[in-house]
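Heads up, the thing below is written out as structure tokens.
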Amino acid sequence: MYIKNMEMDGFKSYGSKQILNEFDTEFNAISGMNGTGKSNILDAICFVLGIVNLSNVRAASMDDLVYKSGEAGVLKASVTINFDNEDKQKSPIGYEACRIICVKRIIYYKGKSKYLVNDANCTLAKVQDMFRSVGLNVNKPRFLIMQGRVTKVLNMKPVELLGMLEEASNTTLYDQKRTHALKEIANNESRHKYTDDVFNSDIATKINRLRKEKDVYLNYQRVQRETAILKQKTIAFNYKLLHEEVKANKLKYNKEAQKSVDLRNAATVLEAEISEITNGIRELGELLDTDQESGRELLLASMKRSMDGYAALTTRLDQNEEEIEASNRAIVSKNKQIEQEQAEVVICKDKLSTCGKDHDTGIARREELQQIIAQNEEKITQLACGQIDDGEGHMVLLPNLISDLDSKISQLQVKKYSFTQELNKINTTISDAKAKLANLPDDCSDLEEEFYSLIRQIDEIKPEIEQFDFDHDKYVSCKTRLDLRLEEVNALKSTILMEKRRNNLQLEIEVNERINKKNIIGAVGMLFQVKDPKFDTAMEIATSGVIKNFVVDTSETAVTIMKTKMTSKTFILPLDSIKPNVMDRRTLELAYSLYGRQNVWAALDLIEYDPKYKVIMEYMCGNILICRTGEVASQLCFDPRISKRCITLDGDDYNPYGIMSGGSTLIATSIFDTLKKIKDKDSLLDHKEREVYDTESIVNELDKKKDDLAVLNDKLGNLTYSKDQTEMRLEQTKSYKFRLIVNQNSKRLAVLNESIARIDQEIEYSMQKLCKAQENEKNESAFIASEKSKAMKAIEASQKELEYSKNKFMNAERKVEDIQYELEYLEGSIEKAQEEILQLNTDIINLKAAREEMVIMVDAAEEKKRLSETEYQEFMDLRVQNEADYESLKTRRKQKTKEKDDLNIRRRKSEILSNDLSCHFENSQIRLNEMVEKHEFIRHQYEQLGKAGTIFDFTGCNIEEMTQQLTHNEELVKEMGKNVNKAALQSLDSVEQQFNDLDTSRKELVEDKVAILEALDYFDQIKKDTLREAYERVNKDINNIFSTMLPGCNCYLTKSVNELSEITGIEFQIIIQGHVKTSLTELSGGQRSLIALSFILAMLKYRPAPIYILDEIDAALDLSHTHNIGKLIKDHFKESQFIIVSLKNDLFENANVLFKTALLNGHSTVTRYPTIGFL
């Protein structure tokens, strides 16, 4: 069984998942810089093996095992190890059928940990038992050699060294078992003593006690019989008394039943009188309703039709406006989409430009590299034929090159002579022109200066225009968006104005210089809102007289407005002079106390408003109560202590002056719904106006830049025109022609001088090549070999650069294709969105046309609805007046009803008493029957009850005395029963059986003690033999290992024994070059470390575990000893898997697999090097 691979996630420094694959079955090494997580890999293995002492893994608590203790967002740590289990002989017990054993342990930050074995939940104890069965006891580890263990071994006393040897030979387990056996013997001794005590005292005492308990039991039975007879007599006496009570209750019940019948007859007579009054009320009510019912139904039907029509038209109008708003929102959304996608298009174009540069940058260079490769390959071919490069890309024979260079030098000298002749002629021409120019007047200097000045100014202004910060596309886009938003704002203003006019919320006056619109605050309904929609109906009734009035700042403004010409009747409320009407707080608290805050509300508390309009709100509804039901409203309204206007949630209006109205629930649309829609549109208007302001600011800024750019373009045009005119005037002067000849020939003169200098350089270069070619001709073979070598190097370098360039080109080409695809998609999306905006604008125009028609229809329907509501309300008021005429009849009926109710109350009391007597009689009869059923002796001996001379003779009996005597006897029986052993007769047999059992137990204890002592002697001998064998083998192996690592030196173990020849301690004996060292202090630090390592490795070799974990055991060794340790482990410990942490190459260069750790972004990482030669 060995580790095959492992995975760490969130464990200590491994903040991200790290997988260590393909562990070697023999020698694995782990290396890395300090602090990169080397030892954390060993800690992770111990974590999975079930370590309990966290100090061994350098942690104070389980939370320290989570990456950065959970502070970096990683809240759990997990380690998974897959163990190869192919060797069934070394398999853990119970897992022989598993080829791979996967063990995973997870710890949650501030939580619990859990184990998974082959994906099944498992306990810590079970996991520890599994590993302990193969010699991997992580809590007493001999396979785990952590940092500092080597130093601890050197400082151990002989007894401690012996303890390590005992642990290696597994005899410590026997010591534990021996201690347990001795405890068992001590327990047996105590049990033996207990048995003797029982024999000596308990048995005899128990027999005497049982005899006394027998006498007590017989006396107890006698008292029980006497108590049973007394209980029967008491029950029979109670039965006789209950029988007499039943007879008396029956007589009382009959008398009360007759009284109830008499009261019922009196109530029947009174009910006939009430019926006669009720008929009179019904006849009067039918007389009133005969003329009004048909009219009421017709008016109600008419009002309902007008309201339904108005509601349908209003709904259609709202739907139309919602469709317009939806279309506007869709246009806004599409414009935002277009803006975003246009921005993305610009980004994509920039990316495409950048990638295109990367894409095209290397083309020329790749062609050049391919040409270099081809040229050098051709050069190698030509060199094989004896041809060489002439320096100009041509391959020629060396003799031909020498000949060509001679010819080229001659040609260059001829060309130089020709240029020199032309140079002399130009100098002559310039001299003649200057001489003629000296005889002419200077008529072009000013024009020339002006011409060159204009050119300088043009050169200065062109870069300024090119770099000017003005985006024409952005300007057009913002201008279009501004026009669209202005159109939307105007349309929304028109809609809001129409809504306010339709609902009488717009103050229609002629504006003049005396009226400032800022002084007009607006309609009252626009200044507040209802907190909870369930109060809408009640608040609409409460505010119906004021909600459409208009608020202004002062009374002067109100007077000014009233003097103007208004289109309709208007009520004005000046904010500075309006008087509030607020309910007294004590009155409100009284209403609360009568019906509770859940049934009564102050209307002023149900609305939200700006505190500066408080006086208006108090005037509007400060003296109104809102009630849950009509009953509550009626009681509060007409209560003289309150006497306030009350309105129910359904809209019923109760006035203390006797006026009541109802039917408000028939209103189809609440005024507050309309107000909410208008307020929502006002909010949308504010948002769009802010957007218009922002867009207008951008457009104004761009307009300013556009004007500045136009000024620069005009300036450039004027300068260009002036330059052209100046040049034409300059060409017409005489001296300018000769100046022009001088300038042109001077330029040609400069070109010729430059050409002659270049020819001189070419002649010099050709001479150098000729000399080199002549020199190479003398040693032609060495020269050709050198040229071949240079060509091969050039080909190799060019091929590497070409391969890199091709890879870069492919990557850039893929990026270009991706960006082009994204650009095509965005352009298509923009085009589609623009088409959708056009269609939406068309739809808005059609919807607005339809809305104008519907507004007219809604106004007509609203007027019709208002007329029908007014007519219906007048009808209902008349009905209320008529109903008051027969209230007196109701009062009379109420008095008669009260008299009847009094009779019924008396009758019900009589019936209740009669029912109580009946129930009492029935209960007594039931109790009587229950006593007969419960006590059978009553039925059988009924004739004997009360008969003299029997046990049921009740002469002179008192039920209380009998009950007291019975209670006393029952308590006596109960008290005696506590001390009675009912099984006393049978207990004698039990005591005899106990005697026999105790005797048998004594014999068994003696036999067990003898057997245990014999077993201890046997295992003591086995322990001695095992420890002696371990000592001899470890002594032999430690010398072999030490002498291998330190030739010419020996290390032996010396033992100390007691008088029983038992080993009591071991020490080291060191021989260096034949000299015995009496103390370890005479040795160097490295030699002492080798001794400790040799002892540890010798014990590992004695009983190999499947896995050994060693952490920097070579810390105190030099490089040669480190190398010897690594080679020793590799050559002599092939039966176990070693996992070793080290910082020295000389140790892990012997390993078959190396894992190197490093830190990356604060996380530890691991890299595997699978073969020898990784260094």
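Quick note: the sequence shown uses my numbering, first residue 43, plus one each step.
Virtual Cβ for every residue (Gly too), placed ideally from N, Cα, C.
All values derive from a computational prediction rather than experimental measurement.
Judging by CA-CA distance, which residue of Gln453, Leu359, Glu231 is the nearest neighbour of Lys890? Leu359
Roughly how many angstroms separate the alpha carbons of Ile468 and Leu482, rounded to a whole number? 21 Å
How should Met581 be labelled, buried or exposed, when 16 other C-beta atoms within 10 angstroms of its C-beta is the threshold for buried? buried
Using CA coordinates, which residue listed in Leu96, Lys621, Val374 is at the minimum distance from Val531? Val374
Using DSSP's beta-bridge definition, name the partner residues of Arg1210. Note: Arg1210 sits in a beta bridge opposite Phe1197.
Terminal residues of the continuous alpha helix (DSSP H) containing Asp766? 713-773
Three-state class that DSSP yields for Pro698 in the structure shown: Three-state DSSP puts Pro698 in coil, outside helix and strand.
Collapsed DSSP secondary structure at Val94 in the structure displayed: coil
Could you check what DSSP says for Ser155 in three-state terms: helix, strand or coil? Annotated three-state conformation of Ser155 is strand, per DSSP.
Count the other C-beta atoms from every protein chain shown that fall within 10 angstroms of the C-beta of Thr599, then say buried if there are 16 or more, exposed otherwise. buried
Which whole-angstrom value is the C-beta distance of Val594 and Leu617, which I expect to be below 8 Å? 7 Å
So does Asn755 have its beta carbon nearer than 7 Å to some heavy atom of the ligand SAH? Ligands in the displayed structure: none, and consequently the ligand SAH is not present.
Below 8 Å between beta carbons: does that hold for Phe173 and Ala119? no
Cβ shell of Cys140 (< 6 Å), same chain only, five flanking positions each side left out: Asn127
Simplified DSSP state of Lys110, which is helix, strand or coil: helix
When DSSP labels each residue in this structure, what does Gln413 get in the three-state scheme? helix
On the DSSP bridge assignment, give the partners of His1205 in chain order. Leu1202
Between the segment 507-525 and the segment 870-877, do three or more beta carbon pairs fall short of 8 Å? no
Report buried or exposed for Leu1202, applying the criterion of at least 16 other Cβ atoms within 10 angstroms of its Cβ. exposed
Return the Cβ separation of Gly567 and Ile538 in integer angstroms, given the expectation that the two are a contact with Cβ distance under 8 Å. That pair is no contact at about 14 Å.
Apart from the five residues just before and just after Phe493, which ones in its own chain have a Cβ nearer than 8 Å to its Cβ? The residues are Lys765, Thr768, Glu769, Leu772.
Gly1128 - DSSP class collapsed to helix/strand/coil: helix
Using DSSP's beta-bridge definition, name the partner residues of Thr690. Cys669
Give me the Cα-Cα distance between Asp304 and Thr310, rounded to the nearest whole angstrom. 10 Å
Going by other Cβ atoms of all chains shown within 10 Å of its Cβ, with 16 needed for buried, is Thr912 buried or exposed? exposed
Any idea which residues DSSP pairs Thr912 with across the strands? Beta-bridge pairing links Thr912 to no other residue.
Among Leu667, Asp652, Asn623, the one whose alpha carbon lies nearest that of Leu632: Leu667
Helix, strand or coil for Asp51 per DSSP? strand
Apart from the five residues on each side of it in sequence, which residues of its chain come closer than 7 Å, Cβ to Cβ, to Ala372? Leu882
Ser808 classed as buried or exposed, judged by whether at least 16 other C-beta atoms fall within 10 angstroms: Taking every protein chain shown into account, the CB of Ser808 has 16 or more other CB atoms within 10 angstroms, so this residue is buried.
Using a 10 Å radius around the Cβ and a threshold of 16 neighbouring Cβ atoms, would you call Glu796 buried or exposed? exposed
Can we say the segment 1081-1100 touches the segment 1126-1145, given the rule of at least three CB pairs closer than 8 Å? Judged by Cβ distances under 8 Å, the segment 1081-1100 makes contact with the segment 1126-1145, as three or more pairs qualify.
I'd like the span of the beta strand (DSSP E) that includes Arg147, first residue to last. 142-150
Chain-order list of residues whose beta-carbon lies under 8 Å from that of Ser1098 (same chain, five-residue window excluded): Non-local beta-carbon contacts of Ser1098 in its own chain, meaning distances under 8 Å to residues more than five positions away in sequence, involve Pro200, Ile1105, Thr1106, Gly1107, Ile1108, Glu1109 in chain order.
Distance check for Lys721 and Lys559, CA to CA, integer angstroms please. 19 Å
Give me the Cα-Cα distance between Val1223 and Leu1132, rounded to the nearest whole angstrom. With the chain covering 43 to 1217 only, the question about residue 1223 has no answer from this structure.
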